[in-house]
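Chemist: Right, I'll just put the structure down here and ask away after.
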Amino acid sequence: MDLDIVALSRLQFALTALYHFLFVPLTIGLAVILAIMETVYVMTGRTIWRDMTKFWGVLFGINFAMGVATGIVMEFQFGMNWSYYSHYVGDVFGAPLAIEGLMAFFLEASFVGLFFFGWDKLSKVAHLIVTWLVAIGSNFSALWILIANGWMQNPVGAAFNPQTLRMEVTDFFAVLVNPVAQAKFVHTVSAGYTVAAIFVLGVSAWYVLKGRHLQLAKRSMTVAASFGLAASLSVVLLGDESGYLSTEHQKMKVAALEAMWKTEPAPAAFTAFGFPDQRTRETHFAVHIPMLLGLIGTRSLTTEIPGIDDLVHRAELNIRVGISAYDALQQIREAGSTGAVPESARNIFEQNGHALGYALLLKRYVDDPRKATPEQIAQAAQDTVPAVAELYWSFRIMVGLGMFFIVLTATFFVLSARRKLDAYPWLLKVAVFAIPLPWLAAELGWIVAEVGRQPWVIEGVLPTAVAVSNLGATTLLITIFGFVLIYTILFLIEMKLMLKAIRKGPKEHPVPAPSVYRAEADPELASLRSTPLSAD
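In case it helps, this note's numbering puts the sequence shown at residues 132 to 667.
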């Protein structure tokens, strides 16, 4: 196996995924904010809320178009760069993606047109329903994609068929209600809501600083602050649930996130700060918070969290079990043409087939895992440790940004309640400069999820190194350069269109000033005032 091809294939998919995810969270979050604003418009009849919905809708539309353009390429890559992956798990992985395209994306895309062109053709209530359907469609899209991704992290409801050499669905309902997928969905969607809230808050703060569109900007800040506070709190709480499930299903990822080389007595300490060194297997200048990791990761004081060294030892044992499963599989395949499958081989595979993926880790070093040397087995076990330093810092920066978003949105929520949104210009500047930060947090979240799963493309089932297509390095380099060029151009177009729309600002109807009762304007009262009072 040419490892350069694996690295280049991973790089290409990572770049396209990270580019695509620049657009996804804003689409998910803005769609819901639009629905909230239009709901207020329908309930109150005040045109300022319609103006707000239309203005933020323009920015939503630009972002939605770019998200579609960058997302289509990703699905083609499964067939182009990851052909064995598509063959191996296509029966399971393909179903959620197909449903996403047929049900969620068509729902969202169909009603986006009605949202933009139906203002004067639909009633208020009908248009509001359209807007909510756009929001529901964008969230459904995320649901089905994350069901597919969650299955890659925790492959439930499927089994390997030794006759077809493919994973096949055994319980589609288990795939749908996969706890890892559901936790990822609510966590990712909440992150999208936070991205949109900080975006609306920052752009509105810029308008206030410039003294433009103040009525629209202050109302938008009020919506963004309250919506963002709820969303950012949800991100932290739901992220805790995702971490708890990782402790159960992806122990190596959790150990790598904490740079926990040795198994500690329960409850394990949390490493607040330090410099992990994967070569020497130690964390320099580590600052520990006693018991915190055990409480967060296991929600108990007695459950142990295994360290990296113990997990590597377990992986080596699984590799040896997997080799016996691989041997039994070869016997089943050889006897398949005659129909006389040895009963002993069938029994061995049924008992040890769960570890077959670990035997495939040896494909990096030897074509036939049964011929692997003890040194190669030990090296394959070491390969189950992901990039610790990258995960360690990505996770901590992401968490730190999440806490900052809570403080920022809570501050503006209080200012909104006190009607002092423009009282502190320096806070408005902070909101403006904070606009790119939730995107950084979201991208780091995907790095934690996907790098933390390595060396698996399907956790414990299919190693990344054997899932790629047999392509040349030159072909991959050319396509990587092409994708980076095209996606960069699209990103620059997006930024130019968004900035142009923001500078232009919304088309507002003036908000009528509150009426003041003037006695002089009342003819009856004026006549009474001019009439002299009688003696009686």
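All C-beta atoms, glycine included, are put in the ideal place defined by N, C-alpha and C.
1. Under the three-state reduction of DSSP, which class applies to L142: helix, strand or coil?
2. Counting only the same chain and skipping the five closest in sequence on each side, list residues whose C-beta sits under 7 Å from that of A512.
3. Under 8 Å, with one C-beta from each stretch per pair, do the region 274-281 and the region 213-232 reach the 3-pair mark?
4. Using the beta-carbon count (16 or more within 10 Å), is M391 buried or exposed?
5. Grab me the residues of V592's own chain with a C-beta within less than 6 Å of its C-beta, minus the 5 sequence neighbours each way, in chain order.
6. A580 to D251, Cα distance in whole Å?
7. Can you tell me the Cα-Cα spacing of Q462 and H318, whole angstroms?
8. Please name the residue, chosen from T170, L238, T184 and H151, that lies closest to T199 on a Cα-to-Cα basis.
9. Does the distance from the CB of A162 to the CB of A266 come in under 8 Å?
10. If you measure between the beta carbons of A336 and V545, is that distance less than 8 Å?
11. Just to confirm my understanding: we take I566, look at its own chain, exclude 5 residues before and 5 after, and list those with CB closer than 8 Å. What are they?
12. For F406, which residues does DSSP report across the bridge?
13. Checking the sheet assignment: what are the DSSP bridge partners for E299?
14. Just list the alpha helix (DSSP H) runs in the region 177-263, keeping only unbroken ones of 4 residues or longer that don't cross its boundaries, in chain order.
15. Answer with buried or exposed for K384, where buried requires no fewer than 16 other C-beta atoms within 10 angstroms of its C-beta.
16. Could you tell me whether the region 393-401 touches the region 338-348, where touching means 3 or more Cβ pairs closer than 8 Å?
17. Which runs of the beta strand (DSSP E) fall wholly inside the region 555-581 and span at least 3 residues, in chain order?
18. For W337, report the span of its beta strand (DSSP E) as first-last.
19. Spatial neighbours of G202 within its chain, please: C-beta separation below 7 Å, excluding the five flanking residues on both sides.
20. Mind checking V538: buried by the 16 CB within 10 Å criterion, or exposed?
21. Would you kindly work out how many angstroms separate the C-alpha atoms of G142 and L460, rounded to a whole number?
22. Can you tell me whether L602 is helix, strand or coil according to DSSP?
23. Quick one: Cα of V430 to Cα of L376, how far?
24. Can you tell which of F358, A229, S241 and F207 has its C-alpha closest to the C-alpha of F195?
25. Terminal residues of the continuous alpha helix (DSSP H) containing I164?
26. On a Cα-Cα basis, can you pick out the residue from G438, D408 and S363 that is closest to A400?
Modeler: According to the structure shown:
1. helix
2. The beta carbon of A512 sits closer than 7 Å to those of V443, A446, E447 and I450, all from its chain and outside the five residues before and after it, given in chain order.
3. yes
4. buried
5. For V592, the CB contacts under 6 Å within the same chain, skipping 5 residues up- and downstream, are P286 and G488 in chain order.
6. 44 Å
7. 45 Å
8. The sequence shown places Val at residue 199, not Thr. Among T170, L238, T184 and H151, the Cα nearest to that of V199 belongs to H151.
9. yes
10. no
11. Non-local beta-carbon contacts of I566 in its own chain, meaning distances under 8 Å to residues more than five positions away in sequence, involve I329, F330, G333 and V334 in chain order.
12. H415
13. A290
14. 178-211, 214-230 and 237-248
15. K384 is buried by the Cβ-count criterion.
16. no
17. Those beta strand (DSSP E) runs which fall completely within the region 555-581 and span 3+ residues do not exist here.
18. Per DSSP, W337 belongs to no beta strand (DSSP E); it is in the alpha helix (DSSP H), P310 to K341.
19. The residues H151, in chain order, have a CB closer than 7 Å to that of G202 in the same chain once the five nearest residues on each side in sequence are set aside.
20. exposed
21. A small fix is needed here, since residue 142 is Leu in this sequence, not Gly. Rounded to whole angstroms, L142 to L460 spans 32 Å at the Cα level.
22. coil
23. Going by the sequence as given, residue 430 is Arg instead of Val. So the alpha carbons of these two residues sit roughly 11 Å apart.
24. Minimum Cα distance to F195 is reached at S241.
25. V155 to T175
26. G438
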